[in-house]
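A.B. asks: Numbering (our numbering), first residue to last: 44 to 603. Built from N, CA and C at the ideal position, the CB exists for glycine as well.
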């Protein structure tokens, strides 16, 4: 049952415009002119309602309201100004651009405001995420019924509106028990366990019937709800039920007297489930089948988040004095001081025109800065297979660097062979520099594993000292025959490598050991255990598979 993504996108907008309170909101994933036209259509359909756009890095006062400084100083008393959430209360619409980057604290305040009152406001989440992990906050997705993916739309030929005159939602009879059972069964098959999603799906069926001028819910309404409400929330592929025996099969002895059953096509449950599956992109279906719906909550771009006094994404101001480089939040300081002006002037018993500011009023700015992520490859360049391993590492480095400008990531490369380790590529974002440095890579000789581990740890600690987030990737089979002193000897080399691995574990550096042996052996696994790193056997990995494996192995919170 193929679906028209543009028709579904326009249908979702029209359903939301018809029943914004019951459906909560809509998520539009993907940008471009199609999304702009959909928003304009929504503005036309909801003319007369208050529509506001959430600014990037909105502060608490603009979001929730606060003291109007100018009006308060003029009036001589506190005058409150309304925030965005106040302005859209009572049936307005709040548009959230780049919703996948919205801070959890802001999302929580929006979600809380949506729960207050009988008719609050609707949400339009504009999702510009690329990967499956780049999604708007779950607290808002849970409160928006409808979701459409615009990335597959390549036409601007909008379908016409339904010919029937839309009814009010109250004029449509509620779904009967059998239809409610169908919605619940479809949700269960897709792994959707939220009661709110079931309520949204029921509301969407009634809204679709109302949009098409029908006073009762039909199968087509159930299918629309499955595509627009349940399919985007799917976390699993439905289990295939065993096929029923053919209709002309001889009846069992116990049912010899049973009357013949008349078949009239597939049951409604199958049609609704088929509609939901058809609305899920094939790559998402494959991802669900492979990962069983498990999502990585690591976020996107760069290294770990940390609070900063000087730069980064603005956070709410807090009480404090501007010392040690901290910046004074002047507007927040004045907002804190204004309510006390009348009392302070009476205490002084003298007329004053200036603003009296006390130390307790002072507010300082806070910022959230994401550090650069540095992936450090340490490659075993010894032996006959050295050139193949180095070629894999070189390709992976280039693939990771291709994303460097948008993810604030850097890549470095260390090769260990012969008697020691060599830094071939210092941390860089330059793809041209990397290609030049990696053009002629040395290979062959003994395996000084301990030297490679030491070099990677020292570079990782140096990167961390500069405020970046290092991630160590070791390409090795775990065997060693050159000790830390540069002399051959397997026993000493193994002991030195284990000691160096424990030093990495003690340093707290995140790492992964990629076992590149044709047949994985315990050596690399034991090495990973000693350094408290992830173990990843990839005996036949090419550059693309290695790059994907490194991305997947990163700890949560430092995705590149």
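Nearest to residue 386 by alpha carbon, out of 400, 375 and 373?
C.D. replies: In the chain shown, the residue the question calls residue 386 occupies position 343. Answer by Cα proximity: 400.
A.B. asks: For residue 103, which of helix, strand or coil comes out of DSSP?
C.D. replies: One-based indexing of the chain shown puts residue 103 at position 60. Reduced to three states, the DSSP call for residue 103 is helix.
A.B. asks: Please state the DSSP three-state secondary structure of residue 570.
C.D. replies: Counting from 1 along the chain shown, the entry for residue 570 is found at position 527. It is helical.
A.B. asks: What does the Cβ neighbour count give for residue 275, buried or exposed, with the cut at 16 atoms within 10 Å?
C.D. replies: Within the chain shown, numbered from 1, the residue matching residue 275 stands at position 232. It is buried - the Cβ of residue 275 has at least 16 other Cβ atoms within 10 Å.
A.B. asks: Should residue 351 be labelled buried (16 or more other beta-carbon atoms within 10 Å of its own) or exposed?
C.D. replies: Sequence index remark: in the chain shown, residue 351 carries index 308 (1-based). At residue 351 the pLDDT is 46, less than 50, meaning the model places this residue with poor confidence; the figure from the coordinates comes in the next sentence. By the 10 Å Cβ count, residue 351 comes out buried.
A.B. asks: Using the three-state DSSP reduction, which class does residue 378 fall into: helix, strand or coil?
C.D. replies: For the purposes of this step, residue 378 is taken as residue 335 along the chain shown, with counting starting at 1. In the structure shown, residue 378 sits in a helix (DSSP, three-state: H, G or I).
A.B. asks: With burial defined as no fewer than 16 other Cβ atoms inside 10 Å of the residue's Cβ, what is the status of residue 132: buried or exposed?
C.D. replies: By 1-based counting over the chain shown, the position of residue 132 is 89. With 16 or more other Cβ atoms within 10 Å, it is buried.
A.B. asks: Assuming residue 558 is part of the beta strand (DSSP E), what are its boundary residues?
C.D. replies: For the purposes of this step, residue 558 is identified with residue 515 of the chain shown, where counting begins at 1. Unbroken beta strand (DSSP E) run through residue 558: 553 to 558.
A.B. asks: From this set, 166, 390, 375 and 203, which residue's C-alpha is nearest residue 403's C-alpha?
C.D. replies: One-based indexing of the chain shown puts residue 403 at position 360. The option with the nearest alpha carbon to residue 403 is 375.
A.B. asks: Going by other Cβ atoms of all chains shown within 10 Å of its Cβ, with 16 needed for buried, is residue 456 buried or exposed?
C.D. replies: In the chain shown, residue 456 corresponds to position 413, counting from 1. The residue is buried, with at least 16 neighbouring Cβ atoms inside 10 Å.
A.B. asks: In the structure shown, what three-state DSSP assignment does residue 512 receive?
C.D. replies: In the chain shown, counting from the first residue as 1, residue 512 sits at position 469. Judged by DSSP in its simplified three-state form, residue 512 adopts strand.
A.B. asks: May I ask you to list the residues that DSSP assigns as paired with residue 124?
C.D. replies: In the chain shown, counting from the first residue as 1, residue 124 sits at position 81. Looking at the DSSP assignment, residue 124 forms a beta bridge with 109.
A.B. asks: With distances taken from CA atoms, which of 221, 254 and 269 is nearest residue 235?
C.D. replies: For the purposes of this step, residue 235 is taken as the residue at position 192 of the chain shown. Measuring from the Cα of residue 235, the nearest candidate turns out to be 269.
A.B. asks: Return the chain-ordered list of same chain residues with a C-beta closer than 7 angstroms to the C-beta of residue 74, the five sequence neighbours on each side being excluded.
C.D. replies: The count along the chain shown starts at 1 and reaches residue 74 at position 31. Same-chain partners within the cutoff: 171.
A.B. asks: Between the alpha carbons of residue 256 and residue 87, how many angstroms are there, rounded?
C.D. replies: Counted from its first residue, the chain shown places residue 256 at position 213. Counted from its first residue, the chain shown places residue 87 at position 44. Cα to Cα, residue 256 sits roughly 20 angstroms from residue 87.
A.B. asks: If contacts are defined as beta-carbon pairs under 8 angstroms, then residue 264 and residue 252 qualify, I think. What distance do you get, rounded to the angstrom?
C.D. replies: Locating residue 264 in the chain shown gives position 221, counting from the first residue. Locating residue 252 in the chain shown gives position 209, counting from the first residue. About 5 angstroms separates the two Cβ atoms, so the contact holds.
A.B. asks: Going by other Cβ atoms of all chains shown within 10 Å of its Cβ, with 16 needed for buried, is residue 397 buried or exposed?
C.D. replies: In the chain shown, counting from the first residue as 1, residue 397 sits at position 354. Counting Cβ neighbours within 10 Å, residue 397 comes out exposed, since fewer than 16 surround it.
A.B. asks: What are the residues that DSSP puts in a beta bridge with residue 135?
C.D. replies: The residue labelled residue 135 in the question sits at position 92 within the chain shown. By DSSP's assignment, residue 135 forms a beta bridge with 164.
A.B. asks: Can you name, in chain order, every residue of its own chain whose Cβ lies under 8 angstroms from the Cβ of residue 219, other than the five neighbours on each side?
C.D. replies: Looking up residue 219 in the chain shown gives position 176. Result list for residue 219: 260, in chain order.
A.B. asks: Would you mind working out which of 545, 454 and 80 sits nearest residue 471, comparing C-alpha positions?
C.D. replies: Here the question's residue 471 lines up with position 428 in the chain shown. Looking at the Cα atoms, 454 is the closest of the given residues.
A.B. asks: Using 8 angstroms as the threshold, is the C-beta distance between residue 145 and residue 179 below it?
C.D. replies: By one-based count along the chain shown, residue 145 stands at place 102. By one-based count along the chain shown, residue 179 stands at place 136. Yes; because the gap between Cβ atoms is below 8 angstroms, this pair is in contact.
A.B. asks: Since residue 521 and residue 562 are thought to touch, with beta carbons under 8 angstroms apart, how far apart are those beta carbons, to the nearest angstrom?
C.D. replies: What you label residue 521 is simply residue 478 of the chain shown in a count that begins at 1. What you label residue 562 is simply residue 519 of the chain shown in a count that begins at 1. Between residue 562 and residue 521 the Cβ distance is about 12 angstroms, and since that is not below 8 angstroms, they are no contact.
A.B. asks: If I follow the unbroken beta strand (DSSP E) through residue 400, where does it start and stop?
C.D. replies: Along the chain shown, one-based indexing puts residue 400 at 357. Per DSSP, residue 400 belongs to no beta strand (DSSP E) and is neither H nor E.
A.B. asks: What number of angstroms, rounded off, separates the C-alpha of residue 233 from the C-alpha of residue 52?
C.D. replies: By one-based count along the chain shown, residue 233 stands at place 190. By one-based count along the chain shown, residue 52 stands at place 9. Computed Cα separation, rounded: 21 angstroms.
A.B. asks: If you draw a straight line from the alpha carbon of residue 533 to that of residue 523, how long is it in whole angstroms?
C.D. replies: Looking up residue 533 in the chain shown gives position 490. Looking up residue 523 in the chain shown gives position 480. Near 6 angstroms, if we compare the C-alpha coordinates of residue 523 and residue 533.
A.B. asks: Identify whether residue 452 lies in helix, strand or coil by the three-state DSSP scheme.
C.D. replies: Your numbering for residue 452 matches position 409 in the chain shown. If DSSP states are grouped into helix, strand and coil, residue 452 belongs with the strands.
A.B. asks: Using a Cβ-Cβ cut-off of 6 angstroms (strictly less than) and excluding sequence neighbours within five positions of residue 141, which residues of its own chain qualify?
C.D. replies: Counted from its first residue, the chain shown places residue 141 at position 98. Within the same chain, residue 141 has close Cβ partners 171.
A.B. asks: Need the endpoints of the beta strand (DSSP E) that residue 192 sits in, please.
C.D. replies: As a position in the chain shown, residue 192 is number 149, starting the count at 1. That run of the beta strand (DSSP E) goes 189 to 192.
A.B. asks: Under a three-way DSSP split, which group does residue 149 fall into?
C.D. replies: Indexing the chain shown from 1 puts residue 149 at position 106. Here residue 149 sits in helix by DSSP.
A.B. asks: Verify whether the separation of the beta carbon atoms of residue 497 and residue 543 is less than 8 angstroms.
C.D. replies: By 1-based counting over the chain shown, the position of residue 497 is 454. By 1-based counting over the chain shown, the position of residue 543 is 500. With a cutoff of 8 angstroms on beta-carbon distance, residue 497 and residue 543 are scored as near each other.
A.B. asks: Which residues mark the beginning and the end of the alpha helix (DSSP H) in which residue 470 is found?
C.D. replies: In the chain shown, residue 470 corresponds to position 427, counting from 1. It is not in any alpha helix (DSSP H) - residue 470 instead sits in the beta strand (DSSP E) that spans 463 to 471.
A.B. asks: Would you list the one or two residues that DSSP bridges to residue 525?
C.D. replies: For the purposes of this step, residue 525 is taken as residue 482 along the chain shown, with counting starting at 1. Looking at the DSSP assignment, residue 525 forms a beta bridge with 531.
A.B. asks: Taking only the alpha-carbon atoms, compute the straight-line gap between residue 475 and residue 79 and give it to the nearest angstrom.
C.D. replies: Here residue 475 corresponds to residue number 432 of the chain shown, with the count starting at 1. Here residue 79 corresponds to residue number 36 of the chain shown, with the count starting at 1. Distance between the alpha carbons of residue 475 and residue 79 is about 37 angstroms.
A.B. asks: If you draw a straight line from the alpha carbon of residue 196 to that of residue 48, how long is it in whole angstroms?
C.D. replies: What you label residue 196 is simply residue 153 of the chain shown in a count that begins at 1. What you label residue 48 is simply residue 5 of the chain shown in a count that begins at 1. Rounded to whole angstroms, the separation of the alpha carbons of residue 48 and residue 196 is 6 angstroms.
A.B. asks: Compare the beta carbon distance of residue 462 and residue 489 with 8 angstroms and say whether it is the shorter of the two.
C.D. replies: Locating residue 462 in the chain shown gives position 419, where the first residue counts as 1. Locating residue 489 in the chain shown gives position 446, where the first residue counts as 1. Cβ distance < 8 angstroms, so residue 462 and residue 489 count as in contact.
A.B. asks: What three-state label does DSSP hand residue 225 in the structure shown?
C.D. replies: To locate residue 225, count along the chain shown from 1; it is residue 182. Helix, per DSSP.
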